[in-house]
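Below is one structure, written out as structure tokens; the observations come after it.
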Amino acid sequence: MRKVNQILGLVALGLILVSALSYYRASQSAERFERGRKFLPNLNPEEVAAIAIEKGGEALTLERSGEAFTIAEKDGYRARNEEVNRFLKGLLDLSLEKEVGRGEKLAEELEIEPAGEETIAVTLTDTSGKQMVSLRLGKSFEEGGVYAQRLDVDDEMIYLTSSSPGLSTSADVFLKKEIVDVAASEVTRIQGPDFLVEEIFEEIPAAPAGEADSAEPSVPSAPGEGELPAVAEVAAPERISLGLKLAEVPSGKKESSTAIGDLKSALSRLEFTQVYPADAPEVRGLDFQQVLEVALKDTSGYLVATAEKDGTHYLSIQGFSTVDRVEIAPDESEEELKEKADTLSRADEIRNFNAFHGSWVYEIEERFVEKLGLRKADLVEEA
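To convert, count from 1 in the sequence shown and add 5; that's my numbering.
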């Protein structure tokens, strides 16, 4: 009888343990999944040093360089920070709708493994090269969301997300295509192959100091012995800008305001369609000719050269600064010191600009060439 009681006691204990284990697993499962929780709850985008993306057999690799990212498949050219941030935010915003299940058959059905044409694989690594996240986004759900699985964790659960992230995976989307963006109002001088356009000023003489404010006519007094007659102080003449004007307009012609406007905006939102290293075979042997020298109000400017080959237009660009150093006097005002500091800062920007853009040749659209290629005959019309 005693033996039977021992056996019954062991069975009861076993049932209690099984029940407790089942409850623990159920409670853990309930804790593991909560509808609406983030797919990547612990991801810190500031720690991401590289992003590897694969879709439809195409690879894209973004690598952090200082404060920006570069694109390995574009020879290390700069990526748009806004697009990189949008991509990372898309991952961070992924929330889960439900657990779908596990297993090779399910993964194949949902185009997780093997990857389908629309499957997106993403791997994030940190500065030490350590993998932070590895995931795949498979088939889209008809009513919204996408099937997702993390490959860097032991749990092989496939989830349905609450919405589709709409991630960009093309290198062209990530390219920072804007070369420069110079406002027409900042331009003071444009030297072309056969013309000069520069800012013209008109000087308006100022009245003697105090003359305009005098309420009553003053009666001059005779100078005392040994004194010289008082000389009225005259303020410096006022300079008024008349805008950019074409020099040496031919007889019977007048400058075309439309063409001058196009010329002034030639470097406004200047973008490329493709970019090549300066020594790449595609741009080797191009005959570049200097087209424009554009000077700006801040003592800097740009030299632009273009070339054409088989109907395709190419551009190279470099910046210049007319100031190498500045002298600072002890009695200069805070405003004068700030102006000189800005000038030195701009000169440093130009050096960095040349250090980067001097290594590249850009393919540009016809709409930019139409402005950059203007000649003097294009800038005038019948008077």
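Even glycine gets a Cβ: it sits at the ideal position worked out from N, Cα and C.
Contact check, S273 vs V366, beta carbons under 8 Å: no
Please look up how many angstroms separate the CB atoms of E392 and T278, rounded, as I've assumed it's under 8 Å. The requested residue 392 does not occur in the structure, where the chain is confined to residues 6 to 388.
Close Cβ partners of L142 (< 6 Å) along its chain, the five nearest in sequence each way excluded: I125, V151, A153
On the three-state DSSP scale, how would you describe L99? coil
Check whether the stretch 260 to 274 touches the stretch 370 to 385, taking contact to mean three or more Cβ pairs, one atom from each stretch, closer than 8 Å. yes
Nearest to E78 by CA position, among I58, A360, V105, is which residue? Comparing Cα positions, the closest option is I58.
Compare the beta carbon distance of A300 and T193 with 8 Å and say whether it is the shorter of the two. Yes, the Cβ-Cβ distance between A300 and T193 is below 8 Å.
Using a 10 Å radius around the Cβ and a threshold of 16 neighbouring Cβ atoms, would you call V127 buried or exposed? buried
Please name the residue in Y319, G257, D315 whose C-alpha comes closest to that of Q295. Y319
Nearest-angstrom Cα distance between I184 and V158? 42 Å
Under 8 Å, with one C-beta from each stretch per pair, do the stretch 80 to 91 and the stretch 113 to 125 reach the 3-pair mark? no
Start and end of the alpha helix (DSSP H) containing L377? 371 to 377
Between the stretch 87 to 98 and the stretch 193 to 212, are three or more C-beta pairs nearer than 8 Å? no
Coil, strand or helix - V288 by DSSP: Note: V288 maps to helix in three-state DSSP.
Report the partner residues of T166 according to the DSSP bridge assignment. L101
P282 - DSSP class collapsed to helix/strand/coil: strand
How many angstroms separate the CA atom of A31 from the CA atom of A54? With a pLDDT of only 47 at A31, under the threshold of 50, the placement of this residue in the model should not be trusted, and no figure is reported.
What beta strand (DSSP E) runs, 3 residues minimum, are completely inside the stretch 87 to 158? 101 to 106, 125 to 130, 136 to 145, 151 to 155
Apply the 10 Å Cβ neighbour rule to P198 and answer buried if 16 or more other Cβ atoms are within range, or exposed otherwise. exposed
If you compare alpha carbons, which of R351, K43, D177, L156 is closest to S139? L156
List the endpoints of the continuous beta strand (DSSP E) containing E253. Counting along the chain, E253 falls outside any beta strand (DSSP E), and DSSP gives it neither H nor E.
Whole angstroms are fine: how far does the CA of F206 sit from the CA of G248? 8 Å
According to DSSP, simplified to helix, strand and coil, what is F74? strand
Leaving aside the five residues before and after D292 along the sequence, list all residues of the same chain whose C-beta is less than 7 Å from its C-beta, in chain order. A312
Secondary structure at I58, three-state DSSP: helix, strand or coil? strand
Residue closest to K381, alpha-carbon to alpha-carbon, out of A264, L97, F74, K43: A264
Length of the line joining the Cα atoms of E68 and S173: 16 Å
Taking the alpha carbon of F179 as the point to measure from, which residue in E298, T75, R351, E51 has its own alpha carbon closest? Of the listed residues, the one whose Cα sits closest to F179 is T75.
In this structure, does DSSP put I209 in helix, strand or coil? The answer is strand: DSSP assigns I209 an E or B state.
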